[in-house]
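Engineer: The letter at position 431 of the sequence shown is residue 431 when you use UniProt numbering, and the numbering goes up by one with no holes. For glycine and all other residues, C-beta sits at the position ideal for the given N, C-alpha and C.
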Amino acid sequence: MGQKAIVYARVSTTRQADHDLSIPDQIAHAERYCKERDIEIVGTYVDPGASARDDNRPQFQRMMDDVKSGAMQVDVVLVHSFSRFFRDACGAAVYTRILEKHGARLVSMTQETGEGAQANLMRHMLSSFDEYQSAETAKHVTRSMIENAKRGFWNGAAAPYGYKTIVVERHGNKDKKKLDLEPQEAEIVKLIFQLYLYGDGKTGPLGIKNLVSYLNGRGVNNRNGKPFRIQHIQEALRRSAYIGTHYFNRTDSRTRKPRPREEWIEIAVPPIVEESIFHAVQAQLDARNPTMTPPRIASSRILLTGVATCENCGAPMRTRTGKNGQYWYYTCSRSADMGKSGCAGVTVPMGKLDEIVTDALCDKVLQADRLENMLGSLLARNSGRRAAAQAKLKELKRERRELDQKLAKLTDALEKGVPLDAVKSRFTQRQNEREQVNRVISFVNREIDSPLSVVTPEKLEAFANGFRARLREDGEPGFRKAYLRLLLENVAVTKDRVRISGRKDVLAYQLTADKPLPPSMVPTFMDEWCTRHDSNV
1 MGQKAIVYAR VSTTRQADHD LSIPDQIAHA ERYCKERDIE IVGTYVDPGA
51 SARDDNRPQF QRMMDDVKSG AMQVDVVLVH SFSRFFRDAC GAAVYTRILE
101 KHGARLVSMT QETGEGAQAN LMRHMLSSFD EYQSAETAKH VTRSMIENAK
151 RGFWNGAAAP YGYKTIVVER HGNKDKKKLD LEPQEAEIVK LIFQLYLYGD
201 GKTGPLGIKN LVSYLNGRGV NNRNGKPFRI QHIQEALRRS AYIGTHYFNR
251 TDSRTRKPRP REEWIEIAVP PIVEESIFHA VQAQLDARNP TMTPPRIASS
301 RILLTGVATC ENCGAPMRTR TGKNGQYWYY TCSRSADMGK SGCAGVTVPM
351 GKLDEIVTDA LCDKVLQADR LENMLGSLLA RNSGRRAAAQ AKLKELKRER
401 RELDQKLAKL TDALEKGVPL DAVKSRFTQR QNEREQVNRV ISFVNREIDS
451 PLSVVTPEKL EAFANGFRAR LREDGEPGFR KAYLRLLLEN VAVTKDRVRI
501 SGRKDVLAYQ LTADKPLPPS MVPTFMDEWC TRHDSNV
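1. Taking the C-alpha atoms as reference points, what is the distance between alanine 280 and leucine 414?
2. Please classify asparagine 148 as buried or exposed, where buried requires at least 16 neighbouring CB atoms within 10 angstroms.
3. What number of angstroms, rounded off, separates the C-alpha of leucine 285 from the C-alpha of asparagine 173?
4. To the nearest angstrom, how far is it from the Cα of valine 46 to the Cα of glycine 306?
5. Isoleucine 272 and glycine 162 look like a contact to me (Cβ under 8 angstroms); what is the Cβ gap, rounded to whole Å?
6. So if DSSP puts arginine 320 in a beta bridge, which residue, or which two residues, is it bridged to?
7. Would you check if the region 3–13 and the region 75–88 touch, i.e. whether three or more CB-CB distances between them fall below 8 angstroms?
8. Just to confirm my understanding: we take lysine 4, look at its own chain, exclude 5 residues before and 5 after, and list those with CB closer than 6 angstroms. What are they?
9. Note down the Cα distance separating leucine 179 from valine 418, rounded to an integer number of angstroms.
10. Quick one: residues in its chain with C-beta nearer than 8 angstroms to the C-beta of threonine 319, no 5 flanking neighbours on either side, listed in chain order?
11. Give, in chain order, every unbroken run of the alpha helix (DSSP H) that is at least 4 residues long and sits entirely within the UniProt domain "Recombinase" (160–291).
12. Taking C-beta to C-beta, are arginine 239 and proline 160 nearer than 8 angstroms?
13. Among Arg259, Gly70 and His246, which one has its Cα closest to the Cα of glycine 152?
14. Helix, strand or coil for serine 108, going by three-state DSSP, please let me know.
15. Please go through the same chain and pick out, in chain order, the residues whose beta-carbon is closer than 7 angstroms to the beta-carbon of alanine 464, but skip the five residues on each side of it.
16. The beta strand (DSSP E) with aspartate 47 in it runs from where to where?
17. Using a Cβ-Cβ cutoff of less than 7 angstroms, which residues in the same chain neighbour alanine 104 once the five nearest sequence positions on both sides are dropped?
18. Use the C-beta contact count for isoleucine 192: other C-beta atoms within 10 angstroms, 16 or more gives buried, fewer gives exposed.
19. Give the single residue among Ile356, Met317, Ala92 and Gly225 whose Cα lies nearest to the Cα of glutamate 185.
20. Is asparagine 490 helix, strand or coil by DSSP?
21. In chain order, which continuous runs of the alpha helix (DSSP H) of length 4 or greater are located wholly inside the region 46–101?
22. Hey, out of Asp363, Met374 and Thr309, whose CA is closest to cysteine 343's CA?
23. Note down, in chain order, each residue of its chain lying with its Cβ closer than 6 angstroms to the Cβ of threonine 96, except the 5 sequence neighbours on either side.
24. Taking 6 angstroms as the limit between beta carbons, can you name the residues of its chain near glycine 199, skipping five residues before and five after?
25. Can you tell me whether residue 598 is buried or exposed? The criterion is at least 16 other CB atoms within 10 Å of its CB, across all chains shown.
26. Short check: CB of leucine 407 to CB of arginine 434, under 8 angstroms?
27. Going by C-alpha distance, which of Pro270, Glu36, Asn249 and Asp354 is nearest leucine 488?
28. For residue 548, I'd like the list of residues in its chain whose CB is within less than 7 angstroms of its CB, leaving aside the five on either flank, ordered along the chain.
29. Start and end of the alpha helix (DSSP H) containing cysteine 34?
30. Is it the case that the CB of threonine 494 approaches a heavy atom of the ligand ATP more closely than 7 angstroms?
31. Mind listing, in chain order, the continuous alpha helix (DSSP H) runs of no fewer than 4 residues lying wholly within the region 357–434?
32. Under 8 angstroms Cβ to Cβ from asparagine 438, same chain only, skipping five residues before and after it: list those, please.
33. Residues in its own chain within less than 6 angstroms of glutamate 235 by CB, not counting five upstream and five downstream?
34. Which residues share a DSSP beta bridge with cysteine 310?
35. In chain order, what residues of the same chain lie with their CB nearer than 7 angstroms to the CB of histidine 102, ignoring the 5 residues before and after it?
36. Have a look at tryptophan 323 and threonine 347 and give me their C-alpha separation to the nearest angstrom.
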């Protein structure tokens with residue numbers, strides 16, 4: 001044998017793999033090329049689905065490391081075309097020089113360049129043309145995809161969890177697709193939001209990590225039967241598509257940096273989650289985000305951090321001490337940072353504001369007659385939700401019967417001698433689908449059976465008494481704070497008034513929590529209650 005060579009093969013997309021640039025074709029061409037020229041192939045490196053605009057390619061880097069370290073002592077690095085090696089002229093020049101420094105020449109099987117200075121010039125011209133062609137192609141593809149998105153069509157990528165793609169038009173040989181609901185996944189999306197916001201009736205709201213454990217521990221799987229991961233839940237809880245709007249062109253596909261808001265393209269999609277629930281979850285995510293809410297606020301023993309705001313300017317109230325450090329106050333953070341030019345500000349003794357808020361909740365909210373007035377109409381709405389759940393249950397049972405029939409046919413086929421391998425994958429798929437339907441049926445049944453609308457005067461009285469006792473007890477401040485945060489949305493403070501607001505849905509949920517309810521039965525409307533305490537604070 002004469003020279004030794006290694007082969008580098010690459011495709012950017014599966015579309016290329018379906019045409020003449022497939023990996024097997026590139027390797028087969030290299031084998032013929034080397035056989036005709038008495039060149040020995042001593043190694044092959046393959047990067048499927050990798051762009052050549054940069055060097056972020058695992059096998060490319062391994063190949064370069066092997067050449068530089070001497071693990072691969074070769075004369076030639078062989079590619080189908082220079083565009084397989086790099087589509088950036090500068091990058092191509094840098095890495096070609098590295099190869100030459102270690103005794104290897106870059107050779108294209110389809111672009112003969114000769115040797116010496118002429119070869120370098122030709123290679124640089126071809127690389128520059130590849131870079132230009134790549135940029136032009138990307139520009140035209142992006143323009144086409146933006147136009148597609150403006151017309152409301154889905155651009156090729158896998159549908160988000162909870163959705164599937166359906167063909168709505170056909171232009172030539174291209175299918176135009178839109179998103180439609182995937183019923184079973186959509187129910188799980190609703191469950192995820194409810195668990196995060198309210199919990200399962202036993203635990204209270206679930207953090208993302210606990211939510212993942214909850215789902216996986218009950219056999220509720222991600223797409224294709226795979227377990228959920230923290231990243232899946234984080235992305236799902238922030239996905240605006242679930243309230244009917246997907247944004248295309250949000251980030252640069254190369255740099256992953258966000259594009260200006262005016263360049264985003266809105267695509268209307270079927271909503272899964274009610275807007276009130278979605279926005280409540282966003283507020284909760286922001287409150288728990290350490291980059292937005294300091295950890296000390298989430299864990300502080302001080303009752304109203306993260307809730308109290310200055311009504312004059314809307315800034316959060318922060319704590320400070322008096323001159324001798326003995327007394328504590330809530331004060332407007334904008335005024336503290338910027339002085340009177342930022343806000344006239346308000347400062348309130350901590351103990352006094354804590355007492356005002358606690359007394360207002362206990363005396364004006366947590367009274368049986370007040371609760372009945374606030375929550376009666378809200379709880380009555382449950383009848384409509386129950387009717388919808390019953391209709392959903394009927395459809396799910398029909399779907400389960402169809403799956404049972406399909407499983408029976410596959411079983412009959414096995415009994416008649418059809419080889420197991422011929423039906424195994426379909427049988428497994430149908431079984432998994434049936435299990436998933438059964439899980440959703442279980443959730444819906446719990447929704448129908450929930451006693452949410454059954455609230456007696458005795459229950460109202462017991463709830464009010466119990467909650468008042470928890471808020472006024474002298475025990476662990478963190479415990480009192482947790483109960484306050486369940487009820488409070490905002491405490492807006494001025495020099496002579498404190499305005500306290502909260503959510504009726506949370507009150508309704510806590511009222512029924514002594515008999516654990518499924519999250520899907522928690523009211524999904526965000527009506528607010530509001531009380532005002534006038535005082536010379």
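Structural biologist: In this structure, then:
1. 52 angstroms
2. buried
3. 44 angstroms
4. 53 angstroms
5. 5 angstroms
6. DSSP, once it has assigned bridges, lists Tyr329 as partnering arginine 320.
7. By the Cβ rule, the region 75–88 counts as touching the region 3–13, because three or more pairs are nearer than 8 angstroms.
8. Glu40, Val42, Val74 and Asp75
9. About 37 angstroms.
10. Ile302, Thr305, Trp328, Tyr329, Tyr330, Thr331 and Met350
11. 183–198, 208–217, 230–238 and 275–288
12. yes
13. His246
14. strand
15. Excluding sequence neighbours, alanine 464 sits near Leu366, Gln367, Ala368 and Leu371.
16. First-last of the beta strand (DSSP E) with aspartate 47: 40–48.
17. Val67, Val74, Asp75, Val76 and Val77
18. Within 10 angstroms of the beta-carbon of isoleucine 192 lie 16 or more other beta-carbons, which makes it buried.
19. Gly225
20. It is a strand residue.
21. If we require 4 residues or more, the alpha helix (DSSP H) runs fully inside the region 46–101 come out as 58–69, 82–85 and 89–101.
22. Thr309
23. Leu106
24. Counting only Cβ-Cβ distances below 6 angstroms, and skipping sequence neighbours, we find Pro205 and Leu206.
25. The structure shown does not extend to residue 598, since the chain is modelled only from 1 through 537, so no value can be given for it.
26. yes
27. Asp354
28. Outside the shown range of the chain (1 to 537) lies residue 548, about which nothing can therefore be said.
29. Per DSSP, cysteine 34 belongs to the alpha helix (DSSP H) from 23–36.
30. Of ligands this structure carries none, so the ligand ATP is not represented either.
31. 368–380 and 382–415
32. Arg400
33. none
34. Val493
35. Taken in chain order, the residues that qualify are Val67 and Lys68.
36. A small correction: the amino acid at residue 323 is lysine; tryptophan does not occupy that position in the sequence shown. C-alpha of lysine 323 to C-alpha of threonine 347: approximately 14 angstroms in a straight line.
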